[in-house]
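Have a look at the structure below before the remarks.
There are 2 protein chains.
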Amino acid sequence: MVTLADVARRAGVSKSTASRALSDGRVSAATREHVLRIAAELHYVASPAAVSLATGRTGTIGAIVPAFDTWYTATLIRGIAHAALRHDFDLLLFELGEHGEHRDRAFDHFRRRRHVDAVFSANFALTRREVGALRDLGIPVGAIGGPTPGIRTWCLDDEAAGRLATQHLLGRGHRDILFAGGRPEEPLAMYVAEEARHAGYLSALRSAGLAPRPRRALLPTVAAAKEDAAAAFAADDRPRAVVAASDEIAMGYVLAAREAGLSVPADVSVVGVDDHPHAAAFDLTTVQQDPAEQGRLLIDWLAGEIDEPSGERQHTALAPVLVARGSVGPAPAA
Amino acid sequence: MVTLADVARRAGVSKSTASRALSDGRVSAATREHVLRIAAELHYVASPAAVSLATGRTGTIGAIVPAFDTWYTATLIRGIAHAALRHDFDLLLFELGEHGEHRDRAFDHFRRRRHVDAVFSANFALTRREVGALRDLGIPVGAIGGPTPGIRTWCLDDEAAGRLATQHLLGRGHRDILFAGGRPEEPLAMYVAEEARHAGYLSALRSAGLAPRPRRALLPTVAAAKEDAAAAFAADDRPRAVVAASDEIAMGYVLAAREAGLSVPADVSVVGVDDHPHAAAFDLTTVQQDPAEQGRLLIDWLAGEIDEPSGERQHTALAPVLVARGSVGPAPAA
DNA sequence: GCCGCCCGTGCAACCGGTTCCACTGGTACC
DNA sequence: GGTACCAGTGGAACCGGTTGCACGGGCGGC
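Residue numbers (the numbering used here), protein chains in the order written: chain A, 35 to 368; chain B, 35 to 368.
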């Protein structure tokens, strides 16, 4: 392995001069060029461990994420990995486990191994304790998720998304609209988001002077939604219009509708949230969000913060966009 | 930040003794216990940079993965993250980009920053050059994917999976079976896998003395499959039985069938491969694989290899399992 | 009772960089 | 012409661990 000393010796300068030439210390232009050429010839690469030991910088960003075999988290991480690479940071992944079983270890982990320059959490709601643990690390901290006091955060404006979806149905004349999704007792951000989307739904109905239906709470999976929908469609007052808290839930409702012999959108209109990659094949009208873009925003900010901390803590709510497809039709004649 | 010197001073011993007490060097039991207590009191944690500089070990495993907003890759990474945590390794993620645009950088990256104890690639086919680049790192290397000379690999026995799916249809009396999927010109493992599944399909038909239909090549997404299926179902000799190279393709076929007014399985039988989380909601008969388990196997092996290299290089083909649901029916009467 | 071995410990070198400080030589300014 | 300053460079300390080697003391074997 070729070291800085090798480069220095070969270039006929001291280690310090070689080091300065390779970073951006004060050296004459001629020396710098010479050292750089030698370094290139020797294929010299600085040892990250040594750099890290000397500078305290690690060139790595830590991620704390829940089990990410969901479209949302996986796409988010894709955006994050991409942006991190652009800033020349490595990405260190800590996963909370399928049922959050490693959650306790996560925060201790980054404290113990102080080998990241910044940390973020994504897609789950931090407890006050956890917020404190992250801030105690003394490095920049961000999060993808709902507004969280003390941390810079980004996420879709979920309330606006719920409102937008509901208003879209109202605009087609629907007056009796069901909201499907959410298990508020669970602390995952997924449910925090669904809660906010539900609030948007309520607000839209209230503005229109309409009464909500009782909310149908369920796990945010296609399978769970389908089962729930089957029950809903079997009832006497089966829903004619549904705001689903996510596209996966919407897909479950569409599948169940077809199985119940109902046509979408003639017999029932459905709006989702996400613009999941499968949404187009379901011809699903939905409220779009772009997790990869959210990840980019987060990393760009963290990279800047590592350079010179601003200590900002505010929340950024990203504007939702409605994507109209074929799963919404006019309300049935009264 | 409390250092080893602090612990040593407080314990009244030298740095070396403290170090040995904390690892497993030779120290008297009394000294060890004493040092450990002091270290705990002081919440001492070794600096990973210093350890890494001194030992060459980093406690990190590097991952090279394609854009992982697919179910397969995301689930694989979940299994890997879980297993790595169990072995007390960190996971460093390198993502190839949505269209493989960072692929060239990936291999150089791990060479330059020599800060991982092992590397693996997942879910794409390595070129001979890339295999060489990985092996040149001088650390254990593994891969999730097809057999690759020179590297220890794991993956589903894709040929057996294709055969199993086809035989399942043959067993219900089908004689005219279509295979949907695969774009062999692309180098992603996805297509390597589809190629092998197609080979299994051909082999099953050959054994039964039947002729294959011309293969329908398409991108492995629900949307692409749906579009392709719409064309297939509009033809005069529309297929009555389909082996899809993946569940997402199968879902596209099911959606298209319904839209064409065809009933599954009465008018057309469909078998997928994967057991995707949405498969149950589609009532899809499929050949199961468990990416998380594959990830576990990989990491367990790598962790052992880091400890004491065996230099093994063989391929492990994992046996497929058929999950029978409702998307397959008997062949139509001749 | 003496020799030799081994256990437990400390000293110091080392891993591979960065950076403070001192030094030199040249230039600008008075 | 002398002084002040500054650019450019080298020496050496330092980051925080690990580990080879030397040393002292206790104990077993003859």
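We treat Cβ as the ideally placed atom computed from N, Cα and C, and that holds for glycine. If you're wondering where the values come from, they're calculated on a predicted model, not measured in any experiment.
- Contact with chain B is absent for T200/A, since none of that chain's Cβ atoms lies less than 8 Å from the residue's Cβ.
- The shortest C-alpha to C-alpha distance from D142/A to any of P343/A, H349/A, G166/A and G363/A is the one to G166/A.
- Bounds of any beta strand (DSSP E) do not take in D210/B, whose DSSP letter is neither H nor E.
- Judged by DSSP secondary structure, A156/B falls within the beta strand (DSSP E) whose first and last residues are A152 to A156.
- Annotation note: the segment 243–273 of chain A contains the following uninterrupted alpha helix (DSSP H) runs of length 4 or greater, listed N- to C-terminal: 256–268.
- The beta carbon of E282/A is closer than 7 Å to those of P254, T255, V256, A259 and H310 in its chain, skipping five residues each way along the sequence.
- Minimum Cα-Cα distance from D191/A among the listed residues P354/A, P366/A, R359/A and A367/A corresponds to P354/A.
- Comparing C-alpha distances from L171/B to each of G96/B, G205/B and G207/B shows the shortest one belongs to G96/B.
- At a cut-off of 8 Å between C-beta atoms, T37/A does not count as an interface residue with respect to chain B.
- A distance of 8 Å or more separates the beta carbons of F158/B and P248/B.
- With fewer than 16 other CB atoms across the displayed protein chains lying within 10 angstroms of its CB, Q348/A is exposed.
- Fully contained in the segment 107–154 of chain A are the following alpha helix (DSSP H) runs of length 4 or more, in chain order: 137–146.
- Among the residues facing chain B, K260/A is included, as its CB has a counterpart in that chain under 8 Å away.
- Note: Q322/B is bridge-paired with D308/B and V355/B in the DSSP secondary-structure output.
- For D58/B, same chain residues with a beta-carbon under 6 Å away, outside a window of 5 residues either side, do not exist.
- Assigned with DSSP and collapsed to three states, I283/A falls in helix.
- Exclusion of the five residues before and after A227/B leaves D192 as the residues of its chain whose Cβ lies within less than 6 Å of its Cβ.
- Using a Cβ-Cβ cut-off of 7 Å, H136/A is close to L119 of chain B, given in chain order.
- Taking 9 Å as the upper bound on Cβ-Cβ separation, chain B lies near no residue of the segment 201–214 of chain A.
- When the Cα atoms are used, D317/A and I98/B turn out to be separated by approximately 34 Å.
- Shown here, I185/A sits in coil according to DSSP, grouped into three states, outside any helix or strand.
- Around the beta carbon of G184/A, fewer than 16 other beta carbons sit within 10 angstroms, so the residue counts as exposed.
- Between the alpha carbons of E346/A and L110/A lies a distance of about 22 Å.
- Look at A167/B: its C-beta is not under 8 Å from any C-beta on chain A.
- DSSP, reduced to helix, strand and coil, places T65/B within a helical segment of the structure shown.
- Minimum Cα-Cα distance from V321/A among the listed residues R112/A, A73/A, E129/A and G234/A corresponds to G234/A.
- The Cβ neighbour count for D103/A, taken over all protein chains shown within 10 Å, is at least 16; the residue is labelled buried.
- For G176/A, the uninterrupted beta strand (DSSP E) segment begins and ends at V175 to I178.
- Beta-bridge partners of G329/A (DSSP): none assigned.
- Judged by DSSP secondary structure, A278/A falls outside any alpha helix (DSSP H) and instead within the beta strand (DSSP E) spanning A275 to A278.
- Residues of chain A whose Cβ lies closer than 7 Å to the Cβ of A257/B are, in chain order, A314 and A315.
- Taking one beta carbon from each stretch, the segment 331–339 of chain A and the segment 282–296 of chain A have fewer than 3 pairs nearer than 8 Å; the two do not touch.
- Under the three-state reduction of DSSP, L190/A is assigned to strand.
- A direct Cα-to-Cα measurement between E261/B and Y287/B gives close to 8 Å.
- With its beta carbon at least 8 Å from every one in chain A, P254/B lies outside the interface.
- Under the DSSP definition of a beta bridge, T94/B partners with D124/B.
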